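Notes follow once the structure below has been shown.
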């Protein structure tokens, strides 16, 4: 049995779609809606009974402060060990993201898997191209005001990452003990994004971005440094993919990746 956690989230739901024709896939979600779904709530260890699961996909539960995320991942890995799960696949963060405020929880989880009794595979995902639509959203005049400087982001389509995850969980032994870097092949700058939508790009300061985010409705306090830190890393040239020794994206897809620029444009149009 393959259990997909986070099945109701954006990445998890895409993995589920890719595996829709398989009868051995079970969906793990906080709020099951049918008998085909199993309740999996990382905040409730009693729900983490993985009996009968051979392969477990842990879609990182990164929505929270580090101590919360670490507790969630610890509970999930401990549950997998107790249930005798054979293989865990974990969606982590790309190696060039070590400068980001939310990298710690991912690296901790990788270490926890390495010292566990489980066979594992780590998918170090680059930042989503869809995320750029929020990070560098154009205003009504088509102007993108963002603190990205002149740096670029090697963004990757979420659907490509989901496709790779689906392939790995259905043939886990071929990927045992492997850590894959999965980032976009072409870094996108603010100017690139502006040209894609027929607008213009105007770099902003990090201080202005922090102030604007702090006043934004729906942005939680812990998310402000996460978003500002991401912009800072882009501006500093740390997320353009140049620091990745081997990008396995094309190799694991078996085809050219989707255009991150096209994904950004579609995401903006859908806003």
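In my numbering, the protein residues as written are 922 to 1192. Don't be surprised by glycine CBs; every beta carbon is placed ideally from N, CA and C. Source: prediction; values computed, not measured.
Ordered along the chain, which non-local residues of its own chain (more than five positions away) have a Cβ less than 6 Å from that of residue i?
i	result
residue 1096	1042 and 1089
residue 994	1030
residue 1006	971, 974 and 977
residue 946	923 and 940
residue 914	There is simply no residue 914 to check, as the chain begins at 922 and stops at 1192 in what is shown.
residue 928	937, 948, 949 and 950
residue 1173	1085
Have a look at the options and flag the residue whose alpha-carbon is nearest the alpha-carbon of residue i.
i	options	result
residue 1024	1114, 982, 997 and 946	982
residue 934	944, 922 and 950	950
residue 1116	1063, 1021 and 1028	1063
residue 1060	985, 1120, 953 and 1017	1120
residue 1051	1082, 1021 and 1032	1082
residue 1109	936, 1092, 927 and 1162	1162
residue 1084	937, 1013, 1189 and 1107	937
residue 964	929, 1028 and 990	990
residue 1124	1066, 1190 and 956	1066
residue 1010	996, 1039 and 959	1039
residue 979	996, 988, 957 and 1167	996
residue 1183	1049, 1091 and 968	1049
residue 1127	1145, 1080, 1114 and 1138	1145
residue 1099	1026, 1012, 1079 and 988	1012
residue 1178	968, 1113 and 1079	1079
residue 1154	1022, 988 and 992	1022
Please report the residue range of the alpha helix (DSSP H) in which residue i lies.
i	result
residue 1111	1111-1117
residue 994	987-1004
residue 1190	1181-1190
residue 1085	1079-1091
residue 1031	1024-1035
residue 957	Counting along the chain, residue 957 falls outside any alpha helix (DSSP H), and DSSP gives it neither H nor E.
residue 934	931-939
residue 1054	1053-1056
Under 7 Å Cβ to Cβ from residue i, same chain only, skipping five residues before and after it: list those, please.
i	result
residue 1156	1068, 1069, 1070 and 1072
residue 1037	998 and 1002
residue 1047	1015, 1075, 1076, 1077, 1103, 1104 and 1105
residue 1169	1101, 1102 and 1103
residue 1186	1117 and 1118
residue 1167	1102
Rounded to whole angstroms, what's the CA-CA distance from residue i to residue j? Just pull it up for me.
i	j	result
residue 1044	residue 1034	13 Å
residue 1143	residue 1152	15 Å
residue 966	residue 1018	29 Å
residue 1028	residue 1165	16 Å
residue 1122	residue 1020	25 Å
residue 954	residue 960	9 Å
residue 1189	residue 1138	19 Å
residue 930	residue 958	14 Å
residue 1180	residue 1026	29 Å
residue 956	residue 943	16 Å
residue 952	residue 988	23 Å
Tell me which residue opens and which closes the beta strand (DSSP E) that residue i is part of.
i	result
residue 949	946-950
residue 1106	Neither: residue 1106 is in no beta strand (DSSP E) and is coded neither H nor E.
residue 924	923-925
With a CB to CB cut of under 8 Å and the five nearest residues on each side skipped, what residues in its chain are close to residue i?
i	result
residue 1148	1056, 1130, 1134 and 1140
residue 1192	1054 and 1058
May I ask you to check if the CB of residue i is nearer than 7 Å to at least one heavy atom of the ligand GDP?
i	result
residue 972	Judged by which ligands are present, the structure shown has none, so any question about the ligand GDP falls away.
Requested in this report: Please list the segments of the alpha helix (DSSP H) lying wholly inside the segment 1110-1174, counting only runs of 4 or more residues, in order along the chain.
Outcome: Taken in chain order, the whole alpha helix (DSSP H) runs of length 4 or more contained in the segment 1110-1174 are 1111-1117, 1127-1135, 1144-1156 and 1170-1174.
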